[in-house]
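A quick write-up on the structure given underneath.
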């Protein structure tokens, strides 16, 4: 399982030219840590791209948490005509291949002159927040006792206040799960930034790495390429390690295991 | 969505306004060699890959379900490849499959076998993608794990009383009890593998000789490299219909083999 990882890290620490020795050296001596600094300040501005990705992820996460929880609150707690029908519609969109909506949304953003800005990557999360997130939050909200809402309502709280002051504070576990999943998703984002962003300095990290792979296949700097891939992997691995309890819980919570 | 459906019936090249052309895009597909190649590649990847992914995920979940010390560490290890960003994953495997110096050929040499060209060989490129996919099935693995832990202990005890061995318990208790989980993973896996894109874009760009020109990759090339938006929209809708039909077939067939406790 881990052998490919060892191969990755080991190659990333080899001096240029020694990536190709046979039998392969598993622990390169000396380890060339400079590969990493070369990478960070090298041909692709990786630090800048990482910063871009974090900023984009944070800005869209606020939108996801606010709008997905609002719609989930509506589906879990409010009664309105056709509620179940609309909820089924939300679930149905999860099955629609992403590529079906890719072209019309691209055309829309082109008409809005948003191409080569971050707006197409951020703004959509403020409108609905994604079907999967709505679904996950609704399932969680259903586990919270309705008595709480009713007590708040008797005290004269509006639905909006119930959402913000009763439900949201109790939902920290699910909000954290969604935050983690979304950050990992954005760190991994590929096709949307590839389509929407044309300037390298505005790009996200995944496309940056792919572009560097394209560059480096010409001059075969495998050690640098592996250093870049390791750099991109470390943050998610650390994040996963720190949060794996939430992660597993999130899966159990939705009951997608089929029972 | 509706816009996409409309574009599917137009000749739309991004620079000019869409003009309505009826079914022209769809009849073009029938004659489009690359459409057929990409569809065939994707079908190959899906029908061989999804069972392989599920098998490896289930085996890992079974290994992790046994009560040994430090399971959470093992779980993390097995899940790691799935956390790895798709681009980094693709970059790593291109190096592993490097025809001259890659790890795959190092292993072959240990056994005294000649090296292979792997991703550079049109016959091997698709199986290589399946190997990459098998490595990163942690998500399905976790779902299997959750399913396995839902199997009531009492059933195993009853089977023990009847003198059933490990294999019989697995075949007659475990498998029937987790059929809903298997079903869920199959449907999700199928939908996902029909849309394979990032690894193919990064690792091979569709080559060699179109051996890994997968459907969504071809669609991307049509839409965002040739700017043939109308045709690409039509391709997207065909994909949607294919996925829908196979999902319905799977749901229909499921009543014959999926066992629900409550039913």
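Chains as they are written, first to last, in the working numbering: chain A, 2 to 260; chain B, 40 to 302. Backbone N, C-alpha and C define an ideal beta-carbon position, used for all residues, glycine too. On a predicted model such as this, the values are computed, not experimentally measured, just so you know.
Does any C-beta atom of chain A lie closer than 8 Å to the C-beta of residue i?
i	result
residue 272 of chain B	yes
residue 291 of chain B	no
residue 180 of chain B	no
residue 176 of chain B	no
residue 287 of chain B	no
residue 278 of chain B	yes
residue 296 of chain B	no
residue 256 of chain B	no
residue 302 of chain B	Any reading at residue 302 of chain B must be qualified, since the residue scores a pLDDT of 44, below 50, and its modelled position is unreliable; the value itself is stated next. Not closer than 8 Å to any Cβ of chain A, the Cβ of residue 302 of chain B fails to qualify, so no.
Reducing DSSP to helix, strand and coil, say where residue i ends up.
i	result
residue 58 of chain B	strand
residue 283 of chain B	helix
residue 158 of chain B	helix
residue 189 of chain A	coil
residue 33 of chain A	coil
residue 201 of chain B	coil
residue 80 of chain A	coil
residue 47 of chain A	helix
residue 123 of chain B	coil
residue 217 of chain B	coil
residue 151 of chain A	helix
residue 256 of chain B	helix
residue 203 of chain A	helix
residue 165 of chain B	helix
residue 330 of chain B	Only positions 40 to 302 of chain B appear in this structure, which leaves residue 330 of chain B out of reach.
residue 224 of chain A	helix
residue 137 of chain B	coil
residue 178 of chain B	helix
residue 267 of chain B	coil
residue 238 of chain B	helix
What is the C-beta distance between residue i and residue j, in whole angstroms, given that I count them as a contact (C-beta under 8 Å)?
i	j	result
residue 73 of chain A	residue 135 of chain A	5 Å
residue 27 of chain A	residue 11 of chain A	6 Å
residue 239 of chain B	residue 191 of chain A	Between residue 191 of chain A and residue 239 of chain B the Cβ distance is about 11 Å, and since that is not below 8 Å, they are no contact.
residue 299 of chain B	residue 219 of chain B	6 Å
residue 214 of chain A	residue 241 of chain B	6 Å
residue 100 of chain A	residue 258 of chain B	6 Å
residue 268 of chain B	residue 181 of chain A	Incorrect: roughly 35 Å between the Cβ atoms, too far for contact.
residue 84 of chain B	residue 165 of chain B	6 Å
residue 131 of chain B	residue 29 of chain A	Their Cβ separation, rounded to whole angstroms, is 17 Å, which puts residue 131 of chain B and residue 29 of chain A out of contact at 8 Å.
residue 166 of chain A	residue 50 of chain A	Their Cβ separation, rounded to whole angstroms, is 39 Å, which puts residue 166 of chain A and residue 50 of chain A out of contact at 8 Å.
residue 114 of chain B	residue 103 of chain B	6 Å
Would residue i pass as an interface residue toward chain B - the criterion being a Cβ-Cβ separation below 8 Å?
i	result
residue 192 of chain A	yes
residue 140 of chain A	no
residue 1 of chain A	Residue 1 of chain A lies beyond the range of chain A shown here (2 to 260); nothing can be said about it.
residue 116 of chain A	no
residue 5 of chain A	yes
residue 26 of chain A	no
residue 189 of chain A	yes
residue 104 of chain A	yes
residue 12 of chain A	yes
residue 8 of chain A	yes
residue 96 of chain A	yes
residue 55 of chain A	no
Count the other C-beta atoms from every protein chain shown that fall within 10 angstroms of the C-beta of residue i, then say buried if there are 16 or more, exposed otherwise.
i	result
residue 112 of chain A	exposed
residue 164 of chain A	buried
residue 133 of chain B	buried
residue 56 of chain A	exposed
residue 248 of chain B	exposed
residue 66 of chain B	exposed
residue 189 of chain A	buried
residue 307 of chain B	Chain B is shown from 40 up to 302; residue 307 of chain B falls before or after that span and cannot be answered.
residue 230 of chain B	buried
residue 70 of chain B	exposed
residue 15 of chain A	buried
residue 111 of chain B	exposed
residue 157 of chain B	buried
residue 257 of chain A	The predicted model places residue 257 of chain A with a pLDDT of 47, which falls under 50 and marks its position as unreliable, so this point remains unresolved.
residue 200 of chain A	exposed
residue 186 of chain B	buried
residue 266 of chain B	exposed
residue 162 of chain B	exposed
residue 61 of chain B	exposed
Can you tell me whether residue i sits near the ligand ADP, meaning its C-beta is under 7 Å from at least one heavy atom of the ligand?
i	result
residue 236 of chain B	The ligand ADP is not part of the structure shown, which contains no ligands of any sort.
List the residues of chain E that residue i touches, going by C-beta distances under 7 Å, in chain order.
i	result
residue 112 of chain A	Reference to chain E is not applicable here, since the protein chains of this structure are A and B.
Item to check | Proximal residues, the stretch 153-169 of chain A versus chain B, C-beta separation under 7 Å | outcome: none
Item to check | Interface positions of the stretch 192-212 of chain A facing chain B (Cβ-Cβ less than 7 Å), listed along the chain | outcome: 192, 196, 207, 210 and 211
Checklist entry - Looking at chain B, which residues of the stretch 213-244 of chain A have a Cβ within less than 7 Å of any of its Cβ atoms? => result 214, 223, 226, 227, 230, 233, 234, 237, 238, 241 and 242
Checklist entry - Can you list, in chain order, the residues of the stretch 101-120 of chain B whose Cβ is nearer than 8 Å to any Cβ on chain A? => result 111, 114, 115, 116, 117, 118, 119 and 120
Checklist entry - What residues in the stretch 218-248 of chain B have a beta carbon less than 8 Å from any beta carbon of chain A? => result 219, 220, 222, 223, 230, 233, 234, 236, 237, 240 and 241
Checklist entry - Between the stretch 121-132 of chain B and chain A, which residues of the former have a C-beta closer than 7 Å to a C-beta of the latter? => result 122, 123, 124, 125, 126, 127, 130 and 131
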